[in-house]
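Colleague: Last residue of the sequence shown: 826 (our numbering), numbering continuous.
One structure coming up, written as structure tokens, with questions to follow.
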Amino acid sequence: MDFDSRYCSIHLFIWCFFITAYRFSIFSFAADRISSGHSIRDGETIISAGGKFALGFFSPNSSSRYVGIWYNSAGNKSVVWVANRERPISGNDAVLTIGNDSNLIISQNNGQIIWSTNSTLSSTNSTAILMDTGNLILRDNQNPDRILFQSFDYPTDTYLPDMEVHINILDGEKRVLTSWRSPIDPSSGNYSMGVDPRGPPQIVIWEGPNRRWRSGHWNGLTFTGVPEMRAFYRFGFRLNERNGLLDVSYTPSTNSDLVHFRLNSEGVEMQERWINESREWDSDYRHPVEECDIYNYCGNFGKCRRVGVPRCGCVEGFEAKDGGCMRRTMLGCETGYGGPDGFLQVENVKLPDFVDYVGPEDVRGCERICRSNCSCTAYAFVSGINCMIWYSELVDVQQFEEGGNNLFVRVAHSELGDKKNHVKKAIIITTVIVGSILIFVSIWILWKSKRNLHGTINRNETPKICPNREFSSDLSGPCELVEGQQSNGTELAMFSFNSLVIATDNFSNENKLGQGGFGHVYKGKLAGGQEIAVKRLSRKSGQGLEEFKNEIMLIAKLQHRNLVRLFGCCIHGEEKLLLYEYMPNNSLESYIFDLDKRAQLDWRKRFSIIGGIARGLVYLHRDSRLRIIHRDLKASNILLDEEMNPKISDFGMARIFGRNQDEANTNRVVGTYGYMAPEYAMEGLFSLKSDVYSFGVLLLEIITGRRNNGFRLSEYSNIIGYAWDLWDRGTAIELLDPSISKSGTFSLEQVLRCIHVAMLCVQDIAAHRPDMPAVVLMLEGENGKLPLPRQPTFTSMRHNLDPDMWNAIQDDASSNNVTISVILGR
1 MDFDSRYCSI
11 HLFIWCFFIT
21 AYRFSIFSFA
31 ADRISSGHSI
41 RDGETIISAG
51 GKFALGFFSP
61 NSSSRYVGIW
71 YNSAGNKSVV
81 WVANRERPIS
91 GNDAVLTIGN
101 DSNLIISQNN
111 GQIIWSTNST
121 LSSTNSTAIL
131 MDTGNLILRD
141 NQNPDRILFQ
151 SFDYPTDTYL
161 PDMEVHINIL
171 DGEKRVLTSW
181 RSPIDPSSGN
191 YSMGVDPRGP
201 PQIVIWEGPN
211 RRWRSGHWNG
221 LTFTGVPEMR
231 AFYRFGFRLN
241 ERNGLLDVSY
251 TPSTNSDLVH
261 FRLNSEGVEM
271 QERWINESRE
281 WDSDYRHPVE
291 ECDIYNYCGN
301 FGKCRRVGVP
311 RCGCVEGFEA
321 KDGGCMRRTM
331 LGCETGYGGP
341 DGFLQVENVK
351 LPDFVDYVGP
361 EDVRGCERIC
371 RSNCSCTAYA
381 FVSGINCMIW
391 YSELVDVQQF
401 EEGGNNLFVR
411 VAHSELGDKK
421 NHVKKAIIIT
431 TVIVGSILIF
441 VSIWILWKSK
451 RNLHGTINRN
461 ETPKICPNRE
471 FSSDLSGPCE
481 LVEGQQSNGT
491 ELAMFSFNSL
501 VIATDNFSNE
511 NKLGQGGFGH
521 VYKGKLAGGQ
531 EIAVKRLSRK
541 SGQGLEEFKN
551 EIMLIAKLQH
561 RNLVRLFGCC
571 IHGEEKLLLY
581 EYMPNNSLES
591 YIFDLDKRAQ
601 LDWRKRFSII
611 GGIARGLVYL
621 HRDSRLRIIH
631 RDLKASNILL
641 DEEMNPKISD
651 FGMARIFGRN
661 QDEANTNRVV
671 GTYGYMAPEY
681 AMEGLFSLKS
691 DVYSFGVLLL
701 EIITGRRNNG
711 FRLSEYSNII
721 GYAWDLWDRG
731 TAIELLDPSI
741 SKSGTFSLEQ
751 VLRCIHVAML
761 CVQDIAAHRP
771 DMPAVVLMLE
781 GENGKLPLPR
791 QPTFTSMRHN
801 LDPDMWNAIQ
811 DDASSNNVTI
821 SVILGR
């Protein structure tokens with residue numbers, strides 16, 4: 001090749017390179033945005049920064065073109081938003097660009113504008129950015145924090161994770177999503193879905209102007225009319241209400257999943273998840289799915305059964321008539337005769353629509369309000385909502401096999417007749433039986449007392465000790481729980497009751513160290529001079545023999561410097577007692593919540609206590625021979641030795657987990673309100689992360705010196721919400737106990753790190769919380785950059801639990817010490 005030929009070839013290559021680079025600069029100026037002076041044409045797309053979403057032109061049918069957003073990996077068959085759904089484009093000559101008024105517009109070559117963002121905010125320079133959440137944002141370039149338009153404010157048929165819906169409660173229902181007219185026509189269909197915020201909020205699907213389906217009322221964690229709602233909660237569906245505004249948001253358990261909610265063209269709401277293997281969308285949940293899901297399928301005062309035939313029946317006290325139900329007998333308050341009206345309980349139902357009153361009353365107060373007003377049709381008491389009252393017809397009641405709530409329906413006195421006769425007979429029979437038992441028990445007690453008087457109490461009596469037993473920290477097994485019988489080869493001592501009577505000076509008030517939901521704790525001194533703490537369970541307490549054995553079996557097998565040591569046990573008739581090592585400084589509660597004594601715990605000591613509790617939990621969760629969930633971690637269960645080292649105590653509620661077990665379920669929810677994780681308090685689900693939540697609450701209490709349950713400000717019902725707002729505003733240091741902050745002797749970095757860790761621990765969703773080994777590393781500063789927490793919304797159960805359902809709240813224990821045992825319907 002000669003020189004001229006080579007020169008021409010090089011010249012041609014350079015010319016082609018610059019032409020290509022010029023074209024690339026036009027069409028690929030930024031992968032995720034459209035700036036002023038640029039546009040995308042039909043056939044081109046922009047991709048969000050993380051590659052999750054794409055925006056461009058698509059065609060669901062053969063004749064029309066639209067601009068939409070879809071999942072990039074799933075292709076445009078997964079469209080989640082349509083800009084020009086009411087004005088399709090004919091041909092392929094349209095462009096999406098920034099107009100002269102800084103609005104994003106779709107226009108054709110003839111100058112016709114098909115669609116515009118129509119922002120009312122003025123700007124001279126803007127940029128449209130496709131976010132990795134699927135949100136298309138139009139941002140003012142002169143003020144990047146100023147949003148001129150975002151697609152999340154104008155959703156079509158799909159609700160995406162991280163999309164927030166803001167509703168003014170006074171404005172009533174808000175329709176958020178509108179279905180496509182058909183699978184190939186994105187224009188607005190006949191179905192819409194949104195939120196009705198009147199009373200407890202609920203999700204509603206409308207067909208035209210009429211309701212088609214509703215979710216039931218929101219109780220703070222789930223929608224009461226959706227039995228399978230537990231899965232939604234795990235994925236992070238939430239409603240937050242404050243100052244007359246309701247915010248609806250949804251966060252999936254993992255950002256790697258492609259998941260959304262969609263209202264299809266047939267009026268069915270679906271939660272869909274993308275399956276990479278099959279390259280298609282899988283529907284996790286659908287509503288409505290059957291006849292009973294159709295709104296008010298059985299008519300007013302009707303009750304639709306999900307299982308069994310016939311599907312339709314009537315609520316108690318009513319009979320079928322004219323496509324619904326009517327009252328069998330007129331109410332006495334209306335006719336003036338027939339005796340006082342009463343209430344019949346309808347169990348496990350989706351509560352009626354259009355609740356007329358929601359109040360703070362307990363279940364008795366709720367009944368009292370309803371009974372006093374003849375217009376009151378029914379009432380219910382729901383954890384998380386409290387008192388609900390209906391003054392009109394009962395609409396859209398559905399009967400569940402499991403879950404739901406109990407509804408109390410007002411009926412005439414005569415409707416109660418048969419049940420009252422049965423009740424009277426039962427009362428008579430019960431009275432006779434109970435009377436006989438009391439007489440027998442009284443005779444037995446007199447005999448037993450007389451027998452005990454004959455026995456002389458020798459103050460030098462020594463306890464019964466298991467063979468070859470000496471007090472040590474080597475506790476390897478439980479004693480045999482049979483009165484008067486020594487353990488067979490174990491290392492835990494069985495003590496006689498008389499020896500403990502002597503040691504505690506007959507359980508005198510002078511020796512009382514404290515009390516809780518399950519009884520009292522006394523200081524004692526054995527014959528050899530060793531000081532002990534004796535936990536004497538109340539005979540009326542909810543902790544029976546099962547919990548007693550549980551505590552012995554667990555503690556006897558545990559050995560850690562941050563766990564209390566168990567010396568022995570005693571069973572004497574109905575008496576059940578445990579002997580612990582004596583802690584001269586009592587409990588953590590006695591310091592941090594005492595105005596005079598809290599100053600004795602400076603920041604260095606508090607931080608040491610925090611670390612000790614965390615290490616004790618790591619041992620329980622990971623390092624012990626067993627894998628144990630404490631389930632009742634609180635300040636009163638943290639004891640302090642003479643050097644103020646913390647020791648976790650009270651294992652009566654603890655549960656052993658298998659090494660490969662992550663979660664378990666219980667119908668008996670036990671623990672202390674304010675410390676219980678939301679999934680445990682509401683659904684009976686507990687895991688290692690349940691203790692993490694309790695630790696987070698305890699951590700905030702240690703930092704602030706204030707009780708979570710006793711915390712009251714005008715805007716906050718507990719310390720968690722207050723802590724979040726200060727942390728979110730960057731003023732978290734205001735949480736620090738004034739007795740420490742005024743002294744100035746604290747590490748700012750440590751305090752802020754502890755608050756950050758606490759906010760991670762009290763996140764609503766268990767999967768978002770760190771495990772305890774990670775918490776220890778965070779506290780010790782080995783994790784340099786901590787993850788950002790999600791805003792917690794779960795509040796104290798203090799006002800939401802039916803006091804009649806509490807089991808064995810003893811004496812006058814402080815609110816922080818009351819341990820509850822509640823049976824929650826699921």
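Ideal Cβ positions, reconstructed from N, Cα and C, are used throughout, including at glycine.
1) Compute the distance between the beta-carbons of R615 and N562, then report whether it is under 8 Å.
2) What would DSSP say about S741, mapped onto helix, strand or coil?
3) Examine the Cβ distances between the stretch 279-286 and the stretch 387-394 and report whether three or more of them are shorter than 8 Å.
4) Is C370 near R410, with beta carbons less than 8 Å apart?
5) What does a CB cutoff of less than 6 Å around M682 pick up in its chain, not counting 5 residues either side in sequence?
6) Could you pull out every residue in the same chain whose Cβ sits closer than 8 Å to the Cβ of S743, ignoring the five residues on either side in sequence?
7) Closest to R85 by C-alpha separation, out of V395, M131, E290 and P186, would be which residue?
8) For Q345, count the other beta carbons within 10 Å of its own beta carbon; 16 or more makes it buried, fewer makes it exposed. Which is it?
9) Mind checking whether L566 and V534 have CB atoms under 8 Å apart?
10) Let me know the alpha helix (DSSP H) ranges lying completely inside the stretch 549-603, each 4 residues or longer, listed in chain order.
11) With distances taken between CB atoms, is the gap from V226 to V165 smaller than 8 Å?
12) Can you list, in chain order, the residues of its chain whose CB lies under 6 Å from that of Y297, leaving out five sequence neighbours each side?
13) Identify whether M682 lies in helix, strand or coil by the three-state DSSP scheme.
14) Starting from I205, trace the beta strand (DSSP E) in both directions and tell me its first and last residue.
15) So, is W70 buried or exposed, given that buried needs 16 or more other C-beta atoms within 10 angstroms?
16) Can you name the residues that DSSP bridges to W281?
17) Between G56 and S179, what straight-line distance do the alpha-carbon atoms span, to the nearest angstrom?
18) Name the residue from E701, S636, R729 and V618 whose alpha carbon lies nearest to the alpha carbon of I719.
19) Whole-angstrom Cβ separation of S116 and G99, contact assumed at under 8 Å?
20) Where does the unbroken alpha helix (DSSP H) through K689 begin, and where does it stop?
21) Can K634 and L688 be called in contact, C-beta distance under 8 Å?
22) Would you kindly report the start and end of the unbroken beta strand (DSSP E) that includes V80?
23) For Q763, does the count of other Cβ atoms within 10 angstroms reach 16, so buried, or fall short, so exposed?
24) Compute the Euclidean distance between the alpha carbons of G435 and F400, then round it to the nearest angstrom.
25) Give the range of the beta strand (DSSP E) segment to which Y673 is assigned.
26) Apply the 10 Å Cβ neighbour rule to N276 and answer buried if 16 or more other Cβ atoms are within range, or exposed otherwise.
27) In or out: L263 buried (at least 16 other Cβ within 10 Å) or exposed?
28) Pick from F58, Q559, K597 and F686: whose alpha carbon is nearest that of P88?
29) Between V355 and D362, what straight-line distance do the alpha-carbon atoms span, to the nearest angstrom?
30) In whole angstroms, give me the CA-to-CA distance for N406 and V349.
31) Quick check for students: name the residue ranges of the alpha helix (DSSP H) that lie wholly in the stretch 308-364, counting only runs of 4 or more.
32) How is S122 classed by DSSP in three states: helix, strand or coil?
33) Opposite C370 in the DSSP bridges: which residues?
34) Using the DSSP secondary-structure output, state which residues sit across from N386 in a beta bridge.
35) Which of the three DSSP states is assigned to S636 in this structure?
36) My understanding is that E319 touches R328, with C-beta atoms under 8 Å, so please give their C-beta distance in whole angstroms.
Modeller: If we stick to the structure as given:
1) yes
2) In the structure shown, S741 sits in a helix (DSSP, three-state: H, G or I).
3) no
4) yes
5) L221
6) D602
7) P186
8) exposed
9) no
10) Taking only runs of at least 4 residues, the alpha helix (DSSP H) segments lying wholly in the stretch 549-603 are 589-592.
11) no
12) Counting only Cβ-Cβ distances below 6 Å, and skipping sequence neighbours, we find E291 and C304.
13) helix
14) Q202 to E207
15) Looking at its Cβ environment, which holds 16 or more other Cβ atoms inside 10 Å, W70 is buried.
16) W274
17) The alpha-carbon atoms of G56 and S179 are separated by roughly 21 Å.
18) E701
19) Contact between S116 and G99 holds, since their C-beta atoms are separated by about 7 Å, short of 8 Å.
20) L688 to T704
21) no
22) V79 to V82
23) buried
24) C-alpha separation (whole angstroms): 40 Å.
25) Careful: Y673 lies outside any beta strand (DSSP E) and carries neither H nor E.
26) exposed
27) buried
28) F58
29) 17 Å
30) 6 Å
31) Unbroken alpha helix (DSSP H) runs of no fewer than 4 residues, entirely contained in the stretch 308-364, are found at 332-335, following chain order.
32) DSSP places S122 in coil when its eight states are reduced to three.
33) None; C370 has no bridge partner.
34) Under DSSP, N386 takes part in a beta bridge, and its partners are V382.
35) helix
36) 5 Å
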